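Written below as structure tokens is the structure these notes are about.
Residue numbers (UniProt numbering): 1 to 139.
What follows is the structure, given as structure tokens:
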């Protein structure tokens, strides 16, 4: 079990090649997290190798490495790191592949604010056993 971190802001990484979508996610999540951003799966992997990150949101369709390919590598670096994929085409096959890669969840674009916040909150509670997360995420 990972120790609870209720008094420390969590560090969240947004990996998406679309700067506009990163901006939308940043506006929703900035009040609750220290944010890092990556424009590619490769940058996301480098950031996770170089700094502490508590949770990762990844777009499925990025150049060179897809979000799913990045999740597989991130899980080799840190098996406990919750990774949430976001995609416009969430098929059953993708959901099965994401589950096999131990991704926490697959969210469909356009993702609703409440669905995003709830999913991130649940991922943190499930991973870090921090009962205070839902309260400071506004659930």
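All C-beta atoms in this analysis are idealised placements derived from N, C-alpha and C, irrespective of residue type, glycine included.
If you're wondering where the values come from, they're calculated on a predicted model, not measured in any experiment.
Does the separation of the CB atoms of residue i and residue j fall below 9 Å?
i	j	result
residue 88	residue 109	yes
residue 48	residue 77	yes
residue 53	residue 36	yes
residue 55	residue 41	no
residue 103	residue 71	yes
With burial defined as no fewer than 16 other Cβ atoms inside 10 Å of the residue's Cβ, what is the status of residue i: buried or exposed?
i	result
residue 85	buried
residue 30	exposed
residue 83	buried
residue 156	Since the first and last residues shown for the chain are 1 and 139, residue 156 lies out of range.
residue 66	buried
residue 46	exposed
residue 105	buried
residue 15	buried
residue 126	exposed
residue 38	buried
residue 79	exposed
State the DSSP-derived secondary structure class of residue i, mapped to helix, strand or coil.
i	result
residue 106	strand
residue 6	Any reading at residue 6 is ruled out, since the residue's pLDDT is 41, under 50, leaving its predicted position unreliable.
residue 91	coil
residue 85	strand
residue 130	coil
residue 74	helix
residue 79	coil
residue 101	coil
residue 117	helix
residue 111	coil
Out of the options, point me to the one whose CA is closest to residue i's CA.
i	options	result
residue 101	117, 116, 115 and 81	81
residue 59	133, 13, 130 and 126	13
residue 107	127, 33, 68 and 50	68
residue 73	94, 99 and 44	44
Hey, which unbroken runs of the alpha helix (DSSP H) at 4 residues or more fall wholly within the segment 8-70? The qualifying runs are 19-29 and 41-50.
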